[in-house]
Each structure stands twice: as C-alpha cells, then as structure tokens.
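Student: Respectively, the protein sequence lines represent chains A and B.
Here this note's numbering is used: the first residue of the first sequence is 1, the next is one more, and so on.
Here this note's numbering is used: the first residue of the second sequence is 324, the next is one more, and so on.
Positions of the beta carbon are idealized from the N, C-alpha and C atoms, including for glycine.
Fair warning: this is a prediction, and the values are worked out from it, not measured in the lab.
Number of protein chains: 2
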Amino acid sequence: MIRVGINGYGNLGRGAELALSQLEDMECVVVFTRRDPGKVTTLGAPVAHVDEMAEYVGKLDVVLNCGGSATDLRTQGPQVAKLFNTVDSFDTHAKIPEHFEALDAAAEEAGTLALISAGWDPGLFSIMRVLGEAVLPSGSTTTFWGPGVSQGHSDAVRRVEGVADARQYTVPVEETVQAVKNGENVELSPRTMHERVCYVVADEGADLERIEREIVEMPNYFADYDTAVNFVSAEELAREHGGIPHGGQVIRAGQTDDGIDSAITYQLQLGSNPEFTGSVLVAAGRAVARMAARGQTGAVTLFDVTLTDLSPKSAAQLRKNYL
Amino acid sequence: MIRVGINGYGNLGRGAELALSQLEDMECVVVFTRRDPGKVTTLGAPVAHVDEMAEYVGKLDVVLNCGGSATDLRTQGPQVAKLFNTVDSFDTHAKIPEHFEALDAAAEEAGTLALISAGWDPGLFSIMRVLGEAVLPSGSTTTFWGPGVSQGHSDAVRRVEGVADARQYTVPVEETVQAVKNGENVELSPRTMHERVCYVVADEGADLERIEREIVEMPNYFADYDTAVNFVSAEELAREHGGIPHGGQVIRAGQTDDGIDSAITYQLQLGSNPEFTGSVLVAAGRAVARMAARGQTGAVTLFDVTLTDLSPKSAAQLRKNYL
Chain A
1 MIRVGINGYG NLGRGAELAL SQLEDMECVV VFTRRDPGKV TTLGAPVAHV DEMAEYVGKL
61 DVVLNCGGSA TDLRTQGPQV AKLFNTVDSF DTHAKIPEHF EALDAAAEEA GTLALISAGW
121 DPGLFSIMRV LGEAVLPSGS TTTFWGPGVS QGHSDAVRRV EGVADARQYT VPVEETVQAV
181 KNGENVELSP RTMHERVCYV VADEGADLER IEREIVEMPN YFADYDTAVN FVSAEELARE
241 HGGIPHGGQV IRAGQTDDGI DSAITYQLQL GSNPEFTGSV LVAAGRAVAR MAARGQTGAV
301 TLFDVTLTDL SPKSAAQLRK NYL
Chain B
324 MIRVGINGYG NLGRGAELAL SQLEDMECVV VFTRRDPGKV TTLGAPVAHV DEMAEYVGKL
384 DVVLNCGGSA TDLRTQGPQV AKLFNTVDSF DTHAKIPEHF EALDAAAEEA GTLALISAGW
444 DPGLFSIMRV LGEAVLPSGS TTTFWGPGVS QGHSDAVRRV EGVADARQYT VPVEETVQAV
504 KNGENVELSP RTMHERVCYV VADEGADLER IEREIVEMPN YFADYDTAVN FVSAEELARE
564 HGGIPHGGQV IRAGQTDDGI DSAITYQLQL GSNPEFTGSV LVAAGRAVAR MAARGQTGAV
624 TLFDVTLTDL SPKSAAQLRK NYL
C-alpha cells in the first residue's frame, strides 16, 4: 500500500482524495492544511496542520502538493521535498526550469524524489507533444483548449461594473481544429483558434449594452477573440454552469513521406478539471513512490516516468493484457 | 549518431528507412535481406545479406527487425538479439508473453536489450490503454480500428471466385464511437463497432450477385459485420485505393466522481500504415540504443521506456519547451 499525504485542500486536494478513494494500492493517510484542521471536512482522510508535517516522516511514501497557486507551490516545493517525495502541478510555464532546479537541489540534498508539473497541461498534453514529435518527426504540433471553464477569464468578467456573477467558457473553433488535423496551412491566431463564451448575471438595472461592450473589448482577455456574451439569471447560472469542465486536444499533423499525411489527436473531455488533475497527480504519486523506493533522487517530470511505474498492474499483466 | 540496421526490407523496412532519412541523430547503416542484396533497391542505405549480419557487430547500436510475419519475428528475434540490441513489431497477441520470454533469455545471455511489440497497435495504442486506466481508474477502455485497409480481409475477398482484385476498408461505426465517448451503455459487438467496405474488381462476365453474396456471408471475415460491396474497374482501384492508410482510436471513458464523466480519446489517422509503423520502430530504436548504452539488458516493451529516451531532445530542452 502506497501511503499518500495531500498538502492543501482546495478543489485539487479534494480531487486527489477522491481519486485515492477509488484505488486499492494507494491510501490517503493525511491531509495537511494551513487552516484550522478541525474546520476542514474531507471525504474521510484525517486532517493535520501543515506545521505538524515533520511528524509524518517515515509514515508517507509521497506527498501531493496541491497548493492553490504557483506561489504556494514554489515556496512549499523545496520545503516539503526536504521531508518527503513529492508531486506537484506547477504550471507557470516560464518558471518551470527554475522550479525544477530548486526542487532538484532540495530533493538531492534530502535524498528524496520530486516530480513537477503533473496534471493534464502541463502533464498528459506535454507527454503527447513529445510523443507526437518522436513518432512523426516531420510535422507540427498544435494545442487547442476547451470546451471548458477558464477561471481567470470568469474572474475578469466579474470585475466589470454591473456584473454580479459570470462564467466564461473557452471553446476551440471546430473549423480550425479540422484544418489542423487535415494538415492544411491554416492561420493560427487567438481568434482563429478559440472563441470565448460568457454567461453573465447582471445587477438589477445595469446597462447590459455597456457590460457587453466592456467585456468584448477587454484587452488581453477578450479583444483578440470572438466573444459571445449571454445574460442569464443567477438561478440559470447555478443550474447550468455550476461545474468546472475543461479539456482540449493536442494534434500532431505531419507527413511520413511526400504527400503522405498523418494526424495524431489526443483529446480530453473532462467533467471536472480539478478532479481529473487530482487523479493524474495520484498516478504520478504512484510512480514517484516506486522510483524513490528504487533509490532515485532529485527532480523529475512525467517525461522521466515509465508507464509500468504509472500503472497499478504488474509488468507481466501489462504485457499480457494491454499490449 | 545512433547507428541503425534494418533487418528485412518489405513495406515496413522501407518505412523505417524513410523515417531514419528525416532524422539528424540516427542513421541507417545497413539493410539486411534474405534476398540477393544486388537486387534490393533501398532509398540509399547499403544492403547486405542476413548471413553477413555477424560482421556488423560493433558497428550497429540497434537492429530493427522488420520481418514480414509473426513467424519471421519469432525465429529471427532470439537469433538477432544474440548479436545486437533489437526492436520488433511483434503483434500476435496470444504469443506476446512467450515471445517476451524467448527474447529476454537470449538478450540477457548476450548482454543486449530487446524491445518487442512496438508500432501503433501494439505500441502507441497499448501505451494509451495503460495511461488511460492509470489516470482515470474508474471506467472502461475501447479500441476502434480504421478507417483503414485490412490486408487480411482484402486477401479474403481476392480468394472469392471471379474476383480479380480487391481492397477492404475497416470503418468504425461513428454512432458507436460517439456513444462510447459519451459514456453511454452501448452494445459493443463486431457489427455495432465496425463496418466493412469492399472495392472489388470482378473478372469479365463474373456473376456479381454471387460474388457479393459470398463476400457478405463469409464466416469470421464478414458475416458478423455490415458489409458493403462496391464493384469498380481495375483502373479505379489502382487510382483511388492504391494507398495503405489505417488508424483508429483508443477511448477511455469513465468518471472522476458519481455523475462526473470524462473521456480520453487518442486517434491516429495514418496515410501509410507501414511508413508510420516504421517511424515508431525508429523512435523505439533510439530509446533502446540509449537504454542499452546505460547497461540495461533483457527484453522490454514501450511500457518500460520514458519519453525522454524516445525523444531526440535533451531532458532540459523537453522541460523548457514541451511541458
């Protein structure tokens, strides 16, 4: 049984606990929180304060760092890696090499193993970008996101005056997706790749035309996209748009010979972004626990992990039933 | 530079040479053939007789066994593994554990590394079956094949009296594919999953109704499927159906929580089945050469290979640009 600690209990930590509850080879031993442990209600796992973490050394095979922000993960990462093998979902692209170096130094010194940037993007989509290029060297790789909820864009809409609540979906432009799969030389710009669809609850008496104009013209967030604004009631928003779905697809399109086209598409359609991300962190945790048990130390990514280590099945079972 | 030998020069061997010609970190040093080397025309690689293989020890980092049949690969496998690190595309499902054991014994004794069952199925699809289950443990995995040419079924049609030539396409039933992605409880039988579409050139004066009846009623090959028979001219067959496209998709559909559905789809659309398979063998060859250089011996599968070993890029490049 692989003994797992979850560090941080927001949507992602809860998703990881949910994933662990479905497994027979891994168990959630403890959830660490910065809040008052008595006030955190888990799905069943015991709760401890982060300050008690050191008391769990020797009792956990891996800790999943489920901090809510990139800042959390950057500060927590090296600290936790001094005590435990770790997994995180660090996704601030430009800072990945720096984060890797910090974790590598801390983990090497402590003799632990730290896997960074697990999840679906970065994570599974990263795997597909590398795999696609390895098996189809002449071609190009394109990533589309959605349909799914973007928290950052939803927050941006909520900041518009007169908006009581809002939800923003990022939606890939199907025409462009098809053109990319067909290997057509299509323009790839924000507007040709993704549409933005907003569901907005306005304050009573608010000027709806102004709200719509302010949204669609908002720089960075919406101005470079075709944006649809739909005004709905608070009840409809809660009823129809209460989930946190997401997904996307990575397409590798290329040629094995002149005029011989191939396309590789990896698509995710996720009912709950944090639940699925939590589930990927758990699978990565399994691999980290096994690799660490074989003596591996330092920082790694999913690029350094084999399928055999990710799977609960034995190598012989995998060969017999999955090849 | 990773030095590669190709053993066997049919469609697959040619596909592997074509893939190698697009790479900067690998080169095709020699093609081995059972035929008269003077009569084999490659894309540029030197040709030697298989009996001369031992002379190449020390000159090749990996040999890609591109034998045309499962029988070839079973007999060649252990012999070649005594001399070189190897990769094959062994795909007789029931015999995989046995083939693995034979290669493992031969390779361990010789101190070489042998990777079996590379390609797309087995191969990339196998990876997706394991990965899908690891990251979405509660669910089911379904594989659809096509649209693509099935050589076995094309041959079966050609054996019908009065058929001069034929090409058979396996086509997934789109309605069933969608139902599986949606997590619906749909019946999965030969008929609900795949259709068979035949293009047939009949001998002059042949009884077309009888030919069609014999095809659609043929046990094992067609009787369990909805089969369409289209009679065409030899010219049309050559013009419209001369390629060897194939592909398919692996779908993992499941739930991260009660009522929260997720679907993971990996789809291949391949202009040339043997060219793409050859390209996968080459990527596997890169990994084998690197793993063997680190001292690994015995038999492995793609389940035991990291993305870092499959890719021509360095680990730091991958972290910086692909995560």
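Out of A:L64, A:F84, A:P37 and A:I244, point me to the one whose CA is closest to E55 of chain A's CA.
Tutor: E55 of chain A has its Cα closest to that of A:F84, out of A:L64, A:F84, A:P37 and A:I244.
Student: Since V62 of chain A is in the beta strand (DSSP E), which residue starts that stretch and which ends it?
Tutor: Taken as a continuous stretch (DSSP letters only), the beta strand (DSSP E) holding V62 of chain A covers V62 to N65.
Student: Excluding the five sequence neighbours on either side, which residues of its own chain have a C-beta within less than 6 angstroms of the C-beta of N334 of chain B, listed in chain order?
Tutor: P597.
Student: Determine the direct distance from the alpha carbon of L459 of chain B to that of R575 of chain B, and round the result to whole angstroms.
Tutor: Their Cα atoms are separated by approximately 8 angstroms.
Student: Going by beta carbon distance, what residues of the same chain come within less than 7 angstroms of R167 of chain A, once the five residues before and after it are set aside?
Tutor: So the list reads V149, S154, Y199, L237 and H241, once near-sequence residues are dropped.
Student: When you compare only the Cα positions, how much space is there between F222 of chain A and A393 of chain B?
Tutor: If I take the Cα positions, the gap works out to 56 angstroms.
Student: Roughly how many angstroms separate the alpha carbons of S314 of chain A and D25 of chain A, rounded to a whole number?
Tutor: Near 12 angstroms, if we compare the C-alpha coordinates of D25 of chain A and S314 of chain A.
Student: Hey, S595 of chain B and G338 of chain B are a contact pair by Cβ (cut 8 angstroms); roughly how many whole angstroms apart?
Tutor: Sure, about 7 angstroms apart at Cβ, within 8 angstroms.
Student: To which residues of the same chain is S449 of chain B closer than 8 angstroms at the C-beta, ignoring the five residues directly before and after it?
Tutor: Closer than 8 angstroms at the Cβ level, and outside the excluded window around S449 of chain B, lie S440, T624, L625 and F626.
Student: Can you give me the start and stop residues for the beta strand (DSSP E) that V453 of chain B sits inside?
Tutor: From DSSP, V453 of chain B is part of no beta strand (DSSP E) but of the alpha helix (DSSP H) over L447 to V458.
Student: Just curious, the beta strand (DSSP E) that P172 of chain A is in, first and last residue?
Tutor: From DSSP, the beta strand (DSSP E) with P172 of chain A extends over V163 to P172.
Student: Kindly indicate the opening and closing residues of the beta strand (DSSP E) around R191 of chain A.
Tutor: From DSSP, R191 of chain A is part of no beta strand (DSSP E) but of the alpha helix (DSSP H) over P190 to M193.
Student: Interface residues of chain A around Y647 of chain B at Cβ under 9 angstroms?
Tutor: Nothing about residue 647 of chain B can be reported from this structure: the residues present for chain B run from 324 to 646 only.
Student: Going by other Cβ atoms of all chains shown within 10 Å of its Cβ, with 16 needed for buried, is D88 of chain A buried or exposed?
Tutor: With 16 or more Cβ atoms within 10 Å of its Cβ, D88 of chain A is classed as buried.
Student: According to DSSP, is F413 of chain B helix, strand or coil?
Tutor: In the structure shown, F413 of chain B sits in coil (DSSP, three-state: anything other than H, G, I, E or B).
Student: Just to confirm the assignment: which complete alpha helix (DSSP H) runs, minimum length 4, are found wholly within the region 507–567 of chain B?
Tutor: Runs found: 513–516, 531–539 and 557–563.
Student: Using a Cβ distance threshold of 8 angstroms, determine whether the region 194–213 of chain A contacts the region 228–235 of chain A, with at least three qualifying pairs required.
Tutor: The region 194–213 of chain A vs the region 228–235 of chain A: in contact.
Student: Kindly indicate the opening and closing residues of the beta strand (DSSP E) around G336 of chain B.
Tutor: Note, G336 of chain B: premise wrong, no beta strand (DSSP E); alpha helix (DSSP H) at N334 to L343.
Student: Which one of B:E424, B:S461, B:A425 and B:I419 has the shortest CA to CA distance from P445 of chain B?
Tutor: The shortest C-alpha separation from P445 of chain B is found at B:I419.
Student: Would you kindly report the start and end of the unbroken alpha helix (DSSP H) that includes R286 of chain A?
Tutor: N273 to A293 is the span of the alpha helix (DSSP H), which, as asked, contains R286 of chain A.
Student: So, helix, strand or coil for V149 of chain A, using DSSP?
Tutor: Strand at V149 of chain A.
Student: Chain B partners of F144 of chain A, CB-CB under 9 angstroms?
Tutor: Going along chain B, no residue has its Cβ under 9 angstroms from F144 of chain A, so there is no contact; the nearest lies around 13 angstroms.
Student: Cβ closer than 8 angstroms: which chain B residues qualify as neighbours of P172 of chain A?
Tutor: The premise fails here: P172 of chain A is roughly 14 angstroms from chain B at the closest Cβ pair, so nothing lies under 8 angstroms.
Student: For L343 of chain B, which of B:K405, B:V403, B:S602 and B:E424 has the nearest alpha-carbon?
Tutor: Comparing Cα positions, the closest option is B:S602.
Student: Give the residues from the region 470–486 of chain B that approach chain A closer than 8 angstroms (Cβ to any Cβ), ordered along the chain.
Tutor: Of all residues in the region 470–486 of chain B, none has a Cβ within less than 8 angstroms of some Cβ in chain A.
Student: What residue range is occupied by the uninterrupted alpha helix (DSSP H) comprising G77 of chain A?
Tutor: Note, G77 of chain A: alpha helix (DSSP H), A70 to A81.
Student: Taking V539 of chain B as the reference, give the member of B:V480, B:N388 and B:W443 with the closest Cα.
Tutor: Residue B:V480 is the option with its Cα nearest to V539 of chain B.
Student: Establish whether the CB of Q619 of chain B and some CB of chain A are separated by less than 8 angstroms.
Tutor: Not one chain A Cβ lies under 8 angstroms of Q619 of chain B.
Student: Compute the distance between the beta-carbons of W145 of chain A and T170 of chain A, then report whether it is under 8 angstroms.
Tutor: Contact: yes.
Student: Pick from B:G434, B:Q345, B:A425 and B:G442: whose alpha carbon is nearest that of L387 of chain B?
Tutor: The candidate whose alpha carbon is nearest that of L387 of chain B is B:G442.
Student: Mind checking who G139 of chain A pairs with in its DSSP beta bridge?
Tutor: DSSP, once it has assigned bridges, lists A:G254 as partnering G139 of chain A.
Student: At a CB-CB cut-off below 7 angstroms, which residues of chain A make contact with Y645 of chain B?
Tutor: What Y645 of chain B touches in chain A: S126, R129 and V130.
Student: Quick test of your reading: F355 of chain B and M324 of chain B, contact by CB under 8 angstroms. State the CB separation rounded to the nearest angstrom.
Tutor: The pair is not a contact, with the Cβ atoms about 19 angstroms apart (cut-off 8 angstroms).
Student: Given this structure, state the Cα-to-Cα distance separating H569 of chain B from D257 of chain A, to the nearest angstrom.
Tutor: The straight-line gap from Cα to Cα measures roughly 15 angstroms.
Student: Is it buried or exposed, Q640 of chain B, if we count other Cβ atoms within 10 angstroms and call 16 or more buried?
Tutor: Exposed, since its Cβ has fewer than 16 Cβ neighbours within 10 Å.
Student: Return the CA-CA distance between A263 of chain A and T435 of chain B, expressed in angstroms with no decimal places.
Tutor: Taking the straight line from one Cα to the other gives about 34 angstroms.
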